[in-house]
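Take 0 as the starting number for the sequence shown in numbering that gives the first Met the number 0 and just add one per residue. For each residue, glycine too, the CB sits at the ideal point set by N, CA and C.
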Amino acid sequence: MSDVFLNGKFIAADKAKVSVLDRGFVFGDGVYEVIPVYDGHCFKLKSHLKRLQNSLDESRIVNPYSEKHWETVLKKLISLHLDGDQVLYLQVTRGVAVRDHVFPENTAPTVFVMSNMMQAVSEEYKANGISAITLKDSRWQKCNIKSISLLPNCLLKQKAKDSGAEEALLISDGFLTEGSTSNAYAVLDGVIYTAPKSGKILPGITRDVVISLALKAGIPLVEEPVAEFKLTDADELWTSSSTKEVLPVTRLNGEKVGTGLPGPVWQKIDELYQHAKSVERNDG
Ligand SMILES: Cc1ncc(COP(=O)(O)O)c(C=O)c1O
């Protein structure tokens, strides 16, 4: 059984135990990060640790570790799993306490990190795109926190799956926010649109990479929300996330998006993204 990190110790996953009174278990009171590891190096580590800090601050949980200490823990865990590309999952909860909505005093957060083998992005998705459906964004107003309370996201993703789609694109007050497990983009007349950072979306690390790659390549991109009614006119739709990268959405609610095949703007961004993945080896 592979090793995980729990509260300061590297131990076999089947020996790692958390109390039933942990507030993560009882309330979903905690935050998490998912960090891709290519060839032994975290991709955009500093950005992930910064977002973790923001999630903890917004949740009023004290970060148990310094950035340096997080780096040491993650590097050690990576070194214990030398089998190809990995995905680190790290979670910090408010800790173990008698059940009470009010925060406990003097309770140490619970820290858990595991590494799993990365599943390669499906060639089929890259060649033909994925299908998505639109659903009402039924989540809360603080989607900028990477909260472990993911029941709304699970319900939305399952609804997409039940209808034969890979992702749900979420609509709030008539505008596209993001996907149930991804950020979202629309290309209209050569301009890439993606919803601006706010409590309505998770500030995706992949989204930051996409924005910087597009702007550097001179591809127009604006952080503006797209109205739901414009989605049917979009030449291209995409999603992005750390594990699935940037994926073209070629069918929306059963209808073709653009030509029905991955578009040229996506192809360019994917090429730039693959390059960025292969050259960034400083864990920055
Ligand atoms: C709701 C939601 N939005 C966006 C993202 C993309 O974030 P990142 O690019 O940091 O993986 C995710 C990833 O899991 C997500 O769950």
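L81 versus G39: straight-line alpha-carbon distance, rounded: Working through the sequence shown from its first residue, we reach residue 81 at position 82. Working through the sequence shown from its first residue, we reach residue 39 at position 40. Distance between the alpha carbons of L81 and G39 is about 7 Å.
Once DSSP output is grouped into helix, strand and coil, what is the label at G23? Translated into positions along the sequence shown, residue 23 becomes position 24. Here G23 sits in helix by DSSP.
Alpha carbon of L76 to alpha carbon of V3, nearest angstrom: Here residue 76 refers to the residue found at position 77 of the sequence shown. Here residue 3 refers to the residue found at position 4 of the sequence shown. The straight-line gap from Cα to Cα measures roughly 7 Å.
For K156 versus T176, is the C-beta spacing smaller than 8 Å? Taking the first residue of the sequence shown as 1, we reach residue 156 at position 157. Taking the first residue of the sequence shown as 1, we reach residue 176 at position 177. Taking 8 Å as the Cβ cut-off, K156 and T176 do not qualify as a contacting pair.
Evaluate the contact criterion for the stretch 94-108 versus the stretch 39-50: three or more CB pairs, one atom per stretch, below 8 Å. no
Take I268 as the anchor and find which of N115, V208, T249 has the nearest alpha-carbon. The residue you call residue 268 lines up with position 269 of the sequence shown. Comparing Cα-Cα distances from I268 to each of N115, V208, T249, the minimum goes to V208.
Can you grab the Cα-Cα spacing for the pair L169 / A213, in whole Å? Taking the sequence shown and counting its residues from 1, one reaches residue 169 at position 170. Taking the sequence shown and counting its residues from 1, one reaches residue 213 at position 214. Looking at the two C-alpha atoms, the distance is approximately 23 Å.
Does ligand 1 have a heavy atom nearer than 7 Å to the CB of E177? Walking along the sequence shown from the start, residue 177 turns up at place 178. Yes, Cβ of E177 sits closer than 7 Å to a heavy atom of ligand 1.
How about S240: is its Cβ closer than 7 Å to a heavy atom in ligand 1? In the sequence shown, residue 240 corresponds to position 241, counting from 1. For ligand 1, at least one heavy atom lies less than 7 Å from the Cβ of S240.
For the stretch 148-203, which segments carrying the beta strand (DSSP E) assignment without a break, of at least 3 residues, lie completely within its bounds, in sequence order? 166-171, 174-178, 182-187, 190-192
Whole-angstrom distance between V91 and D232, CA atom to CA atom: On the sequence shown, residue 232 is found 233 positions in, with the first residue counted as 1. On the sequence shown, residue 91 is found 92 positions in, with the first residue counted as 1. If you take the alpha carbons of D232 and V91, they lie about 42 Å apart.
Of the residues E222, N6, Q140, I200, which one's Cα is nearest the Cα of I210? Residue mapping note: residue 210 aligns to position 211 of the sequence shown, counting from 1. Checked all of E222, N6, Q140, I200; the closest Cα to I210 is E222.
Residues bridged to R250 (per DSSP): Position 251 of the sequence shown, counting from 1, holds the residue named residue 250. DSSP, once it has assigned bridges, lists S130, K255 as partnering R250.
Could you check if W69 is buried or exposed, using at least 16 other CB atoms within 10 Å of its CB as the buried criterion? If you number the sequence shown from 1, residue 69 lands on position 70. Classification for W69: buried.
Within a Cβ cutoff of 6 Å, which residues of the same chain sit near P63, ignoring the five residues on either side of it in sequence? Position 64 of the sequence shown, counting from 1, holds the residue named residue 63. Contacts found: P108, V110.
N- and C-terminal bounds of the alpha helix (DSSP H) containing S137: One-based indexing of the sequence shown puts residue 137 at position 138. Unbroken run through S137: none, as it is neither H nor E.
From K145 to E254, what does the alpha carbon distance come to, in whole angstroms? Taking the first residue of the sequence shown as position 1, residue 145 is located at position 146. Taking the first residue of the sequence shown as position 1, residue 254 is located at position 255. Answer to the nearest angstrom: the Cα atoms are 32 Å apart.
If I measure Cβ to Cβ from E66 and keep anything under 6 Å in the same chain, skipping five residues before and after, which residues do I get? Counting from 1 along the sequence shown, the entry for residue 66 is found at position 67. These residues qualify, in order along the chain: L48.
For L236, I'd like the list of residues in its chain whose CB is within less than 6 Å of its CB, leaving aside the five on either flank, ordered along the chain. Position 237 of the sequence shown, counted from the start, is the residue given in the question as residue 236. A185, V248, V256, listed in sequence order.
In the structure shown, what three-state DSSP assignment does V145 receive? Locating residue 145 in the sequence shown gives position 146, where the first residue counts as 1. Reading off the sequence shown, one finds Lys at residue 145, where the question assumed Val. In the structure shown, K145 sits in coil (DSSP, three-state: anything other than H, G, I, E or B).
For T242 and V17, believed in contact at Cβ under 8 Å, the rounded distance: As a first step, residue 17 is located in the sequence shown; it is residue number 18 there, counting from the start. As a first step, residue 242 is located in the sequence shown; it is residue number 243 there, counting from the start. Their Cβ separation, rounded to whole angstroms, is 24 Å, which puts V17 and T242 out of contact at 8 Å.
Compute the minimum distance between the beta carbon of L44 and the heavy atoms of ligand 1, and state whether it is under 7 Å. Working through the sequence shown from its first residue, we reach residue 44 at position 45. Not so, every heavy atom of ligand 1 lies at least 7 Å from the Cβ.
Using CA atoms only, rank isn't needed, just tell me which of V190, W265, D28 is closest to N127. Along the sequence shown, read from residue 1 onward, the residue named residue 127 stands at position 128. Checked all of V190, W265, D28; the closest Cα to N127 is W265.
Is there at least one non-hydrogen atom of ligand 1 closer than 7 Å to the beta-carbon of S181? The residue given as residue 181 occupies position 182 in the sequence shown. Yes, the beta carbon of S181 sits closer than 7 Å to at least one heavy atom of ligand 1.
Is I60 near ligand 1, judged by its Cβ being under 7 Å from some heavy atom? Here residue 60 refers to the residue found at position 61 of the sequence shown. Checking the Cβ of I60 against ligand 1 gives no.
In three-state DSSP terms, what is I10? The residue given as residue 10 occupies position 11 in the sequence shown. Of the three classes helix, strand and coil, the one that applies to I10 here is strand, per DSSP.
For E279, name the three-state secondary structure that DSSP assigns. Translated into positions along the sequence shown, residue 279 becomes position 280. Three-state DSSP puts E279 in coil, outside helix and strand.
Judging by CA-CA distance, which residue of D188, I34, N143 is the nearest neighbour of K229? Position 230 of the sequence shown, counted from the first residue, corresponds to residue 229. K229 has its Cα closest to that of D188, out of D188, I34, N143.
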